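Numbers given in the working numbering equal positions in the sequence shown, counted from 1, plus 29.
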Amino acid sequence: RTLLALPVVAACSALAVRFLILKLFARYDRMAEYMFLLAIGWCLGVAELSHQLGLSREIGAFIAGISIATSPISQHIALSLKPLRDFFLVLFFFTIGARFDLGLLREIAVPALVLGGGMLLLKPVTFRFLLRGRGEQARKLGWDLGCRLGQSSEFSLLVAYLAASLGLIGNAASHLIQAATILTFLISSYIVVLNFPNPIAIRDGLRRD
30 RTLLALPVVA ACSALAVRFL ILKLFARYDR MAEYMFLLAI GWCLGVAELS
80 HQLGLSREIG AFIAGISIAT SPISQHIALS LKPLRDFFLV LFFFTIGARF
130 DLGLLREIAV PALVLGGGML LLKPVTFRFL LRGRGEQARK LGWDLGCRLG
180 QSSEFSLLVA YLAASLGLIG NAASHLIQAA TILTFLISSY IVVLNFPNPI
230 AIRDGLRRD
């Protein structure tokens with residue numbers, strides 16, 4: 030049932046957006062409040078539909094977000110939802126941290142260091158290698174991009190949490206992914222702040238918008 034539910038929800042979402050949601054957005058494009066409520070209602074509706082079909086609400090909300098991301102007004106919707114997104118993002122990270130089992134830290138510490146360190150090292154090298162034939166400036170840009178994007182995606186935290194909830198991976202594996210991701214967040218932030226131009230750089234020569 031679950032295997033069939035995912036394509037059904039995705040297909041229904043795509044059709045609904047194409048033939049209904051986009052028309053509603055176009056009709057109320059001058060009313061920011063209506064568009065805001067419509068976007069929230071759409072995501073909540075697909076999330077509940079997914080739950081009724083045996084999927085998680087998170088997967089449903091993710092599908093709903095992707096389905097409207099291709100619309101011409103997706104950027105406007107993203108800006109409207111930014112305060113709400115930032116608020117719940119803080120709650121999400123707080124929940125992840127509160128549920129982290131420190132008793133597993135001794136077991137996963139070394140693998141997390143290896144996994145996080147490998148990601149931080151491989152990304153700059155990979156970007157520099159991919160841009161090697163574009164000139165010295167491109168190689169420097171590749172190194173810059175690799176360091177700035179060296180951290181693991183916060184989406185991996187959600188994937189690890191959902192996979193553990195569904196029994197696809199063990200609790201130790203989920204905590205390993207979370208620990209490695211958090212480690213890359215911390216180290217990558219320090220690398221960027223101390224070595225690359227950014228608004229909160231410590232050195233005056235690197236501080237820029």
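Even for Gly, the Cβ is constructed at its ideal location relative to N, Cα and C. Model, not experiment: these values are computed from the prediction.
| field | Three CB pairs or more closer than 8 Å across the stretch 137 to 152 and the stretch 115 to 126 | value | Cβ pair count under 8 Å is below three, so no.
| said: Less than 8 Å between the beta carbons of V221 and R177, yes or no? | reply: Here residue 221 is taken as the residue at index 192 of the sequence shown, counted from 1. Here residue 177 is taken as the residue at index 148 of the sequence shown, counted from 1. Between V221 and R177, the CB-CB gap stays under 8 Å.
| request: Starting from D115, follow the alpha helix (DSSP H) in both directions and report where the run begins and ends. | output: As a position in the sequence shown, residue 115 is number 86, starting the count at 1. Start and end: 103 to 127.
| Would DSSP call R161 helix, strand or coil? | In the sequence shown, counting from the first residue as 1, residue 161 sits at position 132. Assignment of R161 by DSSP, reduced to helix, strand and coil, places it in the helix class.
| query | Along the chain, where does the alpha helix (DSSP H) that runs through N224 open and close? | reply | On the sequence shown, position 195 is the one that residue 224 refers to. Counting along the chain, the alpha helix (DSSP H) containing N224 begins and ends at 200 to 224.
| query | Bridge partners of R236, per DSSP? | reply | What you label residue 236 is simply residue 207 of the sequence shown in a count that begins at 1. R236 pairs with N227.
| said: Let's see if you can read the secondary structure: which residues bound the alpha helix (DSSP H) around V46? | reply: Translated into positions along the sequence shown, residue 46 becomes position 17. Run containing V46: none; DSSP gives neither H nor E here.
| Within this structure, are the beta carbons of S109 and F65 separated by less than 8 Å? | The sequence position of residue 109 within the sequence shown is 80, counting from 1. The sequence position of residue 65 within the sequence shown is 36, counting from 1. Closer than 8 Å, so yes.
| query | Starting from P87 and walking both ways along the alpha helix (DSSP H), at which residues does that stretch end? | reply | For the purposes of this step, residue 87 is identified with residue 58 of the sequence shown, where counting begins at 1. The sequence given here has Glu at residue 87, not Pro. Start and end: 86 to 98.
| query | Hey, is the stretch 69 to 83 in contact with the stretch 38 to 52, meaning 3+ C-beta pairs nearer than 8 Å? | reply | Yes: the two stretches touch, three or more of their Cβ pairs being nearer than 8 Å.
| Hey, L186 and T210 are a contact pair by Cβ (cut 8 Å); roughly how many whole angstroms apart? | Residue mapping note: residue 186 aligns to position 157 of the sequence shown, counting from 1. Residue mapping note: residue 210 aligns to position 181 of the sequence shown, counting from 1. 6 Å between Cβ atoms; contact.
| field | Test item: CB-CB of G132 and F156 under 8 Å | value | As a position in the sequence shown, residue 132 is number 103, starting the count at 1. As a position in the sequence shown, residue 156 is number 127, starting the count at 1. It is not a contact, given that the beta carbons lie outside the stated cut-off.
| query | What is the DSSP secondary structure of M248, counted as helix, strand or coil? | reply | With the chain running from 30 to 238 in the structure shown, residue 248 is simply not present.
| Under the three-state reduction of DSSP, which class applies to E183: helix, strand or coil? | Counted from its first residue, the sequence shown places residue 183 at position 154. Three-state DSSP puts E183 in coil, outside helix and strand.
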